[in-house]
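Each remark here refers to the structure printed beneath this line.
In the numbering used here, the protein residues as written are 77 to 474.
Okay, here's the thing in structure tokens:
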């Protein structure tokens with residue numbers, strides 16, 4: 077009787093756990109969604125997809141930031157105004173910090189207030205105007221009535237014909253944006269296939285779990301029958317042990333099937349990035365699923381191998397992205413080669429102080445750079461060759 081009591085206790089305990097599991101599942105099902113809704117959510121909220129979207133937004137912000145280089149920039153400055161005689165000491169460390177405008181500041185150490193406006197154009201023209209008044213003129217009515225001193229200057233690089241730095245950055249960044257946008261729909265379709273594969277696996281595991289549960293119930297029923305037979309003397313200890321062993325095996329198989337199913341299900345939900353307390357209805361006869369299967373059954377490819385390869389080369393995102401990388405690497409190599417040629421800059425200026433103007437040409441050339449250009453050129457060429465090898469590898473894999 078003690079053994080029978082223990083078996084009944086075990087059965088009751090299991091029944092409580094099982095019923096709790098069923099009711100918990102029923103509670104979660106209050107937020108059930110269909111397979112179609114799950115796929116739609118997943119391809120928009122999957123962590124990998126969101127990373128690509130975030131990358132696209134980051135690149136777009138970078139492009140917008142580059143465009144700000146072409147806006148008007150206005151700066152107001154006031155040199156230190158100190159009572160008594162004073163000359164601002166020259167700062168040798170400032171040489172080369174702002175190559176666009178150092179002459180006006182270094183021409184005089186007399187304290188002054190100035191308003192400077194600069195405008196950069198995509199073709200490389202730089203316009204700059206400055207309105208300034210010296211400290212000593214603030215206390216001279218005659219000079220004060222004459223108005224502040226204004227200057228206007230313009231510069232343009234004539235040779236080599238090379239995009240300015242911001243245009244180079246814009247070109248390379250635009251290629252990166254095209255790559256990210258090309259990658260997004262491919263990854264979304266890939267994830268959709270991955271989600272469907274996981275769904276089919278879950279259906280198969282759900283069926284295995286159901287069979288394992290039925291076998292466990294059968295084993296429990298068999299043990300109960302053996303116990304009743306022992307009570308009336310129609311079975312012995314051997315049959316009791318065999319029934320218990322069969323029940324234990326069925327229990328282990330059931331728990332393993334349950335654990336495998338839950339692991340697969342939780343992994344799928346995590347991949348979909350579903351909100352908490354959301355359950356996807358698992359149905360083999362889902363209309364949406366039947367439509368996909370029917371579409372796949374009727375799908376035909378009437379292409380020859382050469383035609384299929386050509387079509388894949390034209391559309392595969394990895395090939396498109398590789399070609400964009402090759403284009404960027406080629407441009408970088410060309411720009412690096414051109415920037416080390418002789419530099420010819422045209423400039424002009426006008427000053428209202430003495431109503432004077434002038435134009436000029438500036439020539440410069442780095443005769444020797446310590447071998448820097450050669451090393452940079454070799455790096456760009458190596459990068460380009462590697463990209464070409466990658467292209468051939470991708471095509472061969474197709």
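Ideal Cβ positions, reconstructed from N, Cα and C, are used throughout, including at glycine.
| So residue 155 packs on residue 187, CB below 8 Å; how close in whole Å? | 4 Å
| said: Can you give me the C-alpha to C-alpha distance between residue 121 and residue 283, rounded to a whole angstrom? | reply: So the two alpha carbons sit approximately 29 Å from each other.
| query | How is residue 423 classed by DSSP in three states: helix, strand or coil? | reply | strand
| field | residue 238 - DSSP class collapsed to helix/strand/coil | value | Here residue 238 carries a coil assignment [DSSP, helix/strand/coil].
| Close-in-space but distant-in-sequence residues of the same chain around residue 248 (CB under 7 Å, 5 per side omitted) | Result list for residue 248: 404, in chain order.
| CA-to-CA distance, residue 246 to residue 135, given in whole angstroms | Computed Cα separation, rounded: 10 Å.
| task | Note down the Cα distance separating residue 150 from residue 227, rounded to an integer number of angstroms. | result | 14 Å
| task | Check each candidate in 398, 373 and 240 and name the one with the smallest Cα separation from residue 143. | result | 240
| task | Pull up the DSSP beta-bridge partners for residue 328, would you. | result | According to DSSP, which records beta bridges pairwise, residue 328 is partnered with nothing at all.
| query | If we count the other Cβ atoms within 10 Å of its Cβ and call it buried at 16 or more, is residue 119 buried or exposed? | reply | buried
| task | Look up residue 439 in the DSSP assignment and give the residues it is bridged to. | result | 420
| For the alpha helix (DSSP H) that residue 405 lies in, which residues bound it at each end? | 393-414
| request: Please name the residue, chosen from 268, 302, 329 and 305, that lies closest to residue 478 on a Cα-to-Cα basis. | output: With the chain covering only 77 through 474, there is no way to say anything about residue 478.
| field | Close-in-space but distant-in-sequence residues of the same chain around residue 414 (CB under 8 Å, 5 per side omitted) | value | 236, 237 and 238
| said: Looking at the strands, I want to know which residues DSSP matches up with residue 225. | reply: 208
| query | Shortest alpha-carbon distance to residue 132 belongs to which of 230, 152, 204 and 255? | reply | 255
| When the Cβ atoms of the region 306-313 are set against those of the region 341-355, are three or more pairs found closer than 8 Å? | Cβ pair count under 8 Å is below three, so no.
| On the premise that residue 397 lies in contact with residue 243, defined as a C-beta separation below 8 Å, what is that separation, rounded to the nearest angstrom? | A Cβ-Cβ separation of about 22 Å leaves residue 243 out of contact with residue 397 under the 8 Å criterion.
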